[in-house]
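Below: one structure, written as structure tokens.
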Amino acid sequence: MDFRNKRVLVMGLGLLRGGASAAKWVVNHGARVTVTDLKPRRELQRSLKSLGEARRKIKFVFGRHRVSDFRNNEIIVVNPAVPRETLYLKIAKKAGAQLENEASIFFRFCRNPMVGVTGTRGKTTTANWIYHFLKKKYSHAALTGNSSDNPMLAALDKLDSKSPVVVELSSWHLELLPQSGKSPHVAVITNLYPDHLNRYPSMKSYASAKANIFLNQSKNDFLLLNKDNSWTKFFRGFKPKGKIVYFPVSLGLNLEKFKRALRYHSSGDQKSHKELAPDQVSAGNNP
Numbered sequence: 030m031d032f033r034n035k036r037v038l039v040m041g042l043g044l045l046r047g048g049a050s051a052a053k054w055v056v057n058h059g060a061r062v063t064v065t066d067l068k069p070r071r072e073l074q075r076s077l078k079s080l081g082e083a084r085r086k087i088k089f090v091f092g093r094h095r096v097s098d099f100r101n102n103e104i105i106v107v108n109p110a111v112p113r114e115t116l117y118l119k120i121a122k123k124a125g126a127q128l129e130n131e132a133s134i135f136f137r138f139c140r141n142p143m144v145g146v147t148g149t150r151g152k153t154t155t156a157n158w159i160y161h162f163l164k165k166k167y168s169h170a171a172l173t174g175n176s177s178d179n180p181m182l183a184a185l186d187k188l189d190s191k192s193p194v195v196v197e198l199s200s201w202h203l204e205l206l207p208q209s210g211k212s213p214h215v216a217v218i219t220n221l222y223p224d225h226l227n228r229y230p231s232m233k234s235y236a237s238a239k240a241n242i243f244l245n246q247s248k249n250d251f252l253l254l255n256k257d258n259s260w261t262k263f264f265r266g267f268k269p270k271g272k273i274v275y276f277p278v279s280l281g282l283n284l285e286k287f288k289r290a291l292r293y294h295s296s297g298d299q300k301s302h303k304e305l306a307p308d309q310v311s312a313g314n315n316p
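Going by my numbering, the first residue of the sequence shown is number 30, and it counts up by one from there.
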């Protein structure tokens, strides 16, 4: 995918740096960029400031969306908070525009070994735990994703090429992930509970968005699922290609087997493949 000289519309500058980092990244990769946001300029000053020098190369539309922008741009980069079924995105798709978000772009261009973490609860804690574990061995390991501290596209070009990166992914990020053609080498779904049902028509729709994290995995990848969560059976119904590792929360996760899986993920030692990807992780006494 090449952004050079492409007409790109960033829908939603936002307040949490995700839209701003996306706009800055596509500008720095040669795109001709317009940013549109329903908020007035005065409410977006912090995000505008974070654009730095890239701001001079961007056209801005504040306080409204123009239909013409959605008809005339080749790529629409959607802020995760924007529902996919909004009228403007329907207009863009009808006009032949390609829809992307920061996660789909990140996965297209990231060449690092990735651990992706999603779930209704506990994904931030889990992502941080994995990151700090990896950091002990890989000093340039990175943590990015569902946070304003280090948005994906702000982190992308700074990554050390051989170090693992942990990516925290919301269901909104995951909605467009399949079109990137990639999934994290290690995908973790902590759990699933009713949430965001103002965005999704049903729990199955919400769960399907979460399932996108593993849809492009191969047999050499790993999928960690919560054995005690009622939606795990639903995820298995997608027939994941990666090796499934269960973690029973009620009894405690066998951390040694999980750590070995992460070591495999980072080292690429194919000889250890079977040992590190058991179909079921046994319960341990760890809290």
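Think of the CB as a built atom: it goes at the ideal place given N, C-alpha and C, for glycine as much as any other residue. None of these values were measured; they are calculated from a predicted model.
Nearest CA to the CA of residue i: which residue from the options?
{"i": "Ser168", "options": "Leu188, Ala156, Asp178", "result": "Leu188"}
{"i": "Gly92", "options": "Lys68, Arg85, Asn157", "result": "Lys68"}
{"i": "Glu114", "options": "Met232, Ile273, Thr261, Asn227", "result": "Asn227"}
{"i": "Arg95", "options": "Val64, Ile87, Pro109, Ala110", "result": "Val64"}
{"i": "Ser177", "options": "Phe162, Val196, Ala170", "result": "Val196"}
Given this structure, state the Cα-to-Cα distance separating residue i from residue j, to the nearest angstrom.
{"i": "Ile242", "j": "Lys35", "result": "28 Å"}
{"i": "Arg61", "j": "Met30", "result": "15 Å"}
{"i": "Leu203", "j": "Glu82", "result": "30 Å"}
{"i": "Phe267", "j": "Leu244", "result": "8 Å"}
{"i": "Val191", "j": "Thr261", "result": "Note that residue 191 is Lys in the sequence shown here, rather than Val. Their backbone Cα atoms lie some 32 Å apart in a straight line."}
{"i": "Ala170", "j": "Lys164", "result": "5 Å"}
{"i": "Lys120", "j": "Gly151", "result": "Contrary to the premise, residue 120 reads as Ile rather than Lys in this sequence. Rounded to the nearest angstrom, the two C-alpha atoms are 36 Å apart."}
{"i": "Thr155", "j": "Leu198", "result": "12 Å"}
{"i": "Glu103", "j": "Gln127", "result": "6 Å"}
{"i": "Asn255", "j": "Ser133", "result": "25 Å"}
{"i": "Val274", "j": "Leu252", "result": "6 Å"}
Do residue i and residue j have their CB atoms nearer than 7 Å?
{"i": "Val217", "j": "Val146", "result": "yes"}
{"i": "Phe89", "j": "Val55", "result": "no"}
{"i": "Asp66", "j": "Leu42", "result": "yes"}
{"i": "Val209", "j": "Lys239", "result": "Per the sequence presented here, residue 209 reads as Ser, with Val not at that position. No, these two residues do not count as a Cβ contact at 7 Å."}
{"i": "Tyr222", "j": "Thr149", "result": "yes"}
{"i": "Val220", "j": "Asn175", "result": "The sequence given here has Asn at residue 220, not Val. Not closer than 7 Å, so no."}
{"i": "Glu131", "j": "Leu182", "result": "yes"}
{"i": "Ala51", "j": "Val106", "result": "yes"}
Which stretch, first to last residue, makes up the alpha helix (DSSP H) that contains residue i?
{"i": "Glu197", "result": "Per DSSP, Glu197 belongs to no alpha helix (DSSP H); it is in the beta strand (DSSP E), 194-197."}
{"i": "Asp98", "result": "96-101"}
{"i": "Arg61", "result": "Note, Arg61: premise wrong, no alpha helix (DSSP H); beta strand (DSSP E) at 61-66."}
{"i": "Thr261", "result": "261-265"}
{"i": "Gly47", "result": "47-57"}
Return the first residue and the last residue of the beta strand (DSSP E) that residue i is part of.
{"i": "Gln127", "result": "127-129"}
{"i": "Gly145", "result": "143-147"}
{"i": "Phe251", "result": "251-255"}
{"i": "Phe276", "result": "272-276"}
{"i": "Phe333", "result": "No statement about residue 333 is possible, as the shown extent of the chain runs from 30 to 316 and does not include it."}
{"i": "Leu38", "result": "36-40"}
Using a Cβ-Cβ distance cut-off of 7 Å, determine whether residue i contacts chain B.
{"i": "Ile273", "result": "Absent from the structure is chain B; it holds one protein chain and no more."}
Please classify residue i as buried or exposed, where buried requires at least 16 other C-beta atoms within 10 Å of its C-beta.
{"i": "Leu38", "result": "buried"}
{"i": "Met40", "result": "buried"}
{"i": "Gly47", "result": "buried"}
{"i": "Asp98", "result": "buried"}
{"i": "Lys272", "result": "buried"}
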